[in-house]
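Heads up, the thing below is written out as structure tokens.
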Amino acid sequence: MKYLFIVNYEDDAERKRIDYLLEKWQERARISKPRGLTFIIETDEISKFAEELFSKLNPSSSKKVESFVLHEKDLSSQIRSATTVLEYQSNDPPEIVKKLLGYVFSKNNVRYYSSDLKSTKYFVLTRKGRVDIEVTIDSRNDKTWVKLFLSGYGEAVEHMAKKLKEDLDSLLEG
1 MKYLFIVNYE DDAERKRIDY LLEKWQERAR ISKPRGLTFI IETDEISKFA
51 EELFSKLNPS SSKKVESFVL HEKDLSSQIR SATTVLEYQS NDPPEIVKKL
101 LGYVFSKNNV RYYSSDLKST KYFVLTRKGR VDIEVTIDSR NDKTWVKLFL
151 SGYGEAVEHM AKKLKEDLDS LLEG
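With this note's numbering applied, the sequence shown covers 1 to 174.
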């Protein structure tokens, strides 16, 4: 069965990651990137549209027109994101814990994304995929509580959680 994917990527780096994925899948699937103009039209008068389209093309180009009937399929509802939570309790003050997290995140190419009053959000791009990390740090009873909420798709979350756990277990009291 053939599937048409329309991916509106945000930047060139994201496009390159998609190209890499397509290369990786070349041995498992037949993949082609449409050349020319690709568009979706929704009409009850498809024959009239096709006739007018062919009237605008050179004879050789009209033989190269491919059309497909599409049935949109929402894959995002079928594919669940993976999540993992890492929790730590430390005797160090929050400022020290933040510096330790900064060191571990820098070591693992984790990048800052945004923050609000309750949490700070980061992300990391690995060969296995993107992982979003939400960090909350709370100080109570002379202890610092750290919670890392990792989310993403595929093996990326488990892979990143394992790497972070290895680094953080030795730096923070678990």
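For each residue, glycine too, the CB sits at the ideal point set by N, CA and C.
Computed from a predicted model, the values in this text were never measured in an experiment.
Count the other C-beta atoms from every protein chain shown that fall within 10 angstroms of the C-beta of residue i, then say buried if there are 16 or more, exposed otherwise.
| i | result |
| --- | --- |
| M1 | exposed |
| I18 | exposed |
| V69 | exposed |
| E51 | exposed |
| L148 | buried |
| E134 | buried |
Could you give the residue range of the alpha helix (DSSP H) that holds residue i?
| i | result |
| --- | --- |
| R140 | Counting along the chain, R140 falls outside any alpha helix (DSSP H), though it belongs to the beta strand (DSSP E) covering G129 to R140. |
| Y20 | D12 to W25 |
| A50 | I46 to S55 |
| D116 | That residue, D116, is in no alpha helix (DSSP H); it is neither H nor E in DSSP. |
| H159 | A156 to L171 |
| P59 | P59 to S62 |
If I measure Cβ to Cβ from residue i and keep anything under 6 Å in the same chain, skipping five residues before and after, which residues do I get?
| i | result |
| --- | --- |
| V131 | V124, L150, G152, A156, V157 and M160 |
| T184 | Absent from the structure is residue 184, since the part of the chain shown begins at 1 and ends at 174. |
| L21 | none |
Tell me the DSSP bridge mates of residue i?
| i | result |
| --- | --- |
| R111 | F123 |
| T84 | L150 |
| Q89 | W145 |
Which stretch, first to last residue, makes up the beta strand (DSSP E) that contains residue i?
| i | result |
| --- | --- |
| V146 | K143 to G152 |
| L37 | Element bounds for L37: n/a, residue is neither H nor E. |
Excluding the five sequence neighbours on either side, which residues of its own chain have a C-beta within less than 7 Å of the C-beta of residue i, listed in chain order?
| i | result |
| --- | --- |
| G174 | Annotation note: pLDDT 47 at G174 (below 50); position unreliable, no value reported. |
| K128 | G154, E155, A156 and H159 |
| D138 | W145 |
Apart from the five residues on each side of it in sequence, which residues of its chain come closer than 8 Å, Cβ to Cβ, to residue i?
| i | result |
| --- | --- |
| L118 | Leu is not the amino acid found at residue 118; the sequence shown has Lys there. Closer than 8 Å at Cβ, skipping near neighbours: T136. |
| S9 | It should be pointed out that residue 9 corresponds to Tyr in this sequence rather than to Ser. Same-chain partners within the cutoff: R15 and I18. |
Do three or more CB pairs link the segment 46–60 to the segment 98–117 at distances below 8 Å?
no
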